[in-house]
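To start, the structure under review is shown below, and the notes come after it.
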Amino acid sequence: MLNNQTIGTLTDLGLKGMADAFREQLESVQYLELSFEERFAMLVDREAMDREARRLATRLRAAKLRHQASIEDLDFHTPRGLERSMIMGFSSSHWVDAHQNILVTGPTGIGKSYLGCALAYAGIRSGHSALYRRAPALFADLAIARGDGRYLKVLQSLSRAEILVIDDFGLTPLTGSEPSDLLEVLEDRSERKSTIVTSQLPVDSWHEALGDPTLSDAVLDRLLCNAHVIQMNGASMRTKKS
1 MLNNQTIGTL TDLGLKGMAD AFREQLESVQ YLELSFEERF AMLVDREAMD
51 REARRLATRL RAAKLRHQAS IEDLDFHTPR GLERSMIMGF SSSHWVDAHQ
101 NILVTGPTGI GKSYLGCALA YAGIRSGHSA LYRRAPALFA DLAIARGDGR
151 YLKVLQSLSR AEILVIDDFG LTPLTGSEPS DLLEVLEDRS ERKSTIVTSQ
201 LPVDSWHEAL GDPTLSDAVL DRLLCNAHVI QMNGASMRTK KS
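Right, dumping it as structure tokens:
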């Protein structure tokens, strides 16, 4: 009865990991040989692991990644211009800590979006927040927000993410307020947060896609500053799978 009360109290206190570990200790004789200190240390470790798992799950939900992708699952055997040592180096969070950008370019179906999500997931696992947005939807949301008075609020939400993934940039030339909107997004992040951009266009074509020369220079200056460029090439992975 006392043990059940203890488990209930631990649960009420929000110590679910510790409660589960204590229950397991009660149900298995293998723990009887351990000292009190050893068993208590195991309870504390379990609680720490459980809390980190919950924080990771929360960050993943908030990121809304398009793909459940990880760097470890990337296909390096198919020739796509991916340098294994370079990509695996991103599995640590050094590039996020240094506020570096990653620009991924290549033809349709080559796996740019998957790679972008895998890079973001690497940062999430290291404790960083992330947010995934397709460029067309991002610009549409900003246009709506500009009209209904939420523009600054949306910009602030984008700036809070330590890693922002902008997928499918440049599918069509930017028009209207889109170049200036992109500049506002990047201005809040420049040298403070990391941005991942994927595009079918090579980086040297982005200036034309952005349209306005002055805004183009400003946008590219913020993107290319402290950036890694990954140029993918080869046949479509979708064709290969089919």
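Counting from 1, position 42 in the sequence shown corresponds to residue 42 in full-length UniProt numbering; the numbering is continuous, with no gaps.
Ideal Cβ placement from N, Cα and C applies to all residues, glycine included.
Since the model is a prediction, treat every value here as computed from it, not as a measurement.
Sequence-distant residues of its chain with Cβ nearer than 6 Å to residue i (five each side left out)
i           : result
residue 70  : 118 and 121
residue 111 : 237
residue 168 : 134 and 135
residue 190 : 222
residue 91  : 71 and 122
Residue burial classification, residue i (beta-carbon count within 10 angstroms, cutoff 16)
i           : result
residue 34  : exposed
residue 44  : exposed
residue 182 : buried
residue 231 : exposed
residue 29  : exposed
residue 243 : Shown here, the chain extends from 1 to 242; a query on residue 243 therefore has no answer.
residue 163 : buried
residue 4   : exposed
Under the three-state DSSP convention, the category residue i falls into
i          : result
residue 68 : coil
residue 77 : coil
residue 85 : helix
residue 24 : helix
Start-to-end residues for the alpha helix (DSSP H) that takes in residue i
i           : result
residue 49  : 36 to 63
residue 232 : Counting along the chain, residue 232 falls outside any alpha helix (DSSP H), and DSSP gives it neither H nor E.
residue 5   : 2 to 12
Own chain, CB closer than 7 Å to residue i, minus 5 neighbours either side, in chain order
i          : result
residue 19 : 7, 10 and 11
residue 23 : 7
residue 76 : 82 and 84
residue 25 : 31 and 39
Going along the chain, which unbroken runs of the beta strand (DSSP E) with 3 or more residues stay wholly within the UniProt domain "AAA+ ATPase" (98 to 226)? 101 to 105, 130 to 134, 163 to 169 and 194 to 199
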